[in-house]
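Heads up: the structure comes next, in structure tokens.
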Amino acid sequence: MNVSAINSVSSNTTTSNVSKPTNFVDKNDFLKILISQIKYQDPLEPMKPDQFLTQLSQLTQVEQLQNITDALNGMKKATETGNISQWISSIGKKMHVDSNTLSKGDEVYFTPQGDFDKVVLSTLNKMTGEIKETTYKKGDPLVYRHEDDTDVLVSAIGIKNDKPIGCKLSNYRVVKGIDTSNGIPYLVASNGENFSIEKVKQIKE
């Protein structure tokens with residue numbers, strides 16, 4: 035069965051580390067300065083209440099600026115990793131990832147590494163431990179779609195003249211959502227498992 039890609043995911047991801055300039059004063063530095071001023075102020079000329087309130091106001095402004103900077107840095111990282119709208123549009127589609135777990139709706143394509151008579155696909159139920167085997171003869175579509183609600187581990191082996199041969203698996207998992215809580219988009223599978231976008235090889239319908 036021919037699988038056509040809707041979107042190809044480039045692995046050439048550019049990343050950069052955003053470091054704090056040496057002359058940058060964040061809210062923690064500002065708070066330390068304020069505490070030092072209060073601690074070591076001249077007892078004969080103590081800080082007036084309005085001066086203290088002004089300092090606190092400046093601290094709030096510094097904190098707000100830092101929050102804005104952090105948000106912009108998060109957006110910058112996400113932009114460098116790819117177009118957010120591209121990943122949002124992948125919801126409901128399938129992602130090609132290195133995984134031997136299948137959730138409901140996921141598909142696995144298997145390719146024997148050489149001539150074969152048949153392929154035996156095994157699934158291990160992660161909840162009950164039950165193992166099921168399905169045999170595919172030469173000429174059958176070499177694809178399995180998981181329809182059960184329980185996750186399974188999948189493996190396959192080719193058989194030629196009663197001898198085993200290797201079998202390559204290509205796992206396509208349904209994208210149920212996008213997680214950007216860390217400022218970088220992760221694609222979420224049906225079972226809640228997250229995959230960073232550099233691990234996604236392909237997106238297809």
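Counting in the numbering used here, the sequence shown runs from 35 upward without gaps. Even glycine gets a Cβ: it sits at the ideal position worked out from N, Cα and C. Please read all numbers here as calculations on a predicted model, not as lab measurements.
Can you say whether Gly-192 is buried or exposed, counting buried as having 16 or more other CB atoms within 10 angstroms of its CB? buried
Sort out for me which residues DSSP pairs Ser-156 with in a bridge. Glu-167 and Ser-189
Apply the 10 Å Cβ neighbour rule to Pro-219 and answer buried if 16 or more other Cβ atoms are within range, or exposed otherwise. Label assigned to Pro-219: buried.
Apart from the five residues on each side of it in sequence, which residues of its chain come closer than 6 Å, Cβ to Cβ, to Gly-154? Per the sequence shown, the amino acid found at residue 154 is Val instead of Gly. Glu-167, Thr-169 and Ile-191, listed in sequence order.
In the DSSP assignment, the beta strand (DSSP E) including Asp-213 goes from what residue to what residue? For Asp-213, the enclosing beta strand (DSSP E) stretches over residues 211-213.
Less than 7 Å separating the beta-carbons of Thr-135 and Asp-185? In this structure, Asp-185 lies closer than 7 Å to Thr-135 by Cβ.
With 16 other Cβ atoms within 10 Å as the buried cut-off, status of Pro-146: buried
From Glu-239 to Gly-126, what does the alpha carbon distance come to, in whole angstroms? 8 Å
Using only the alpha-carbon positions, how far apart do Gly-163 and Leu-99 sit? For Gly-163 and Leu-99, the distance between alpha carbons rounds to 53 Å.
Could you compute how far the alpha carbon of Gln-236 sits from the alpha carbon of Ser-204? 11 Å
Pick from Val-208, Gly-217 and Asn-216: whose alpha carbon is nearest that of Glu-227? Comparing Cα-Cα distances from Glu-227 to each of Val-208, Gly-217 and Asn-216, the minimum goes to Val-208.
Can you tell me whether Thr-157 is buried or exposed, with buried defined as 16 or more other CB within 10 angstroms of its CB? So Thr-157 counts as buried.
Residues bridged to His-130 by DSSP? Tyr-206 and Gln-236
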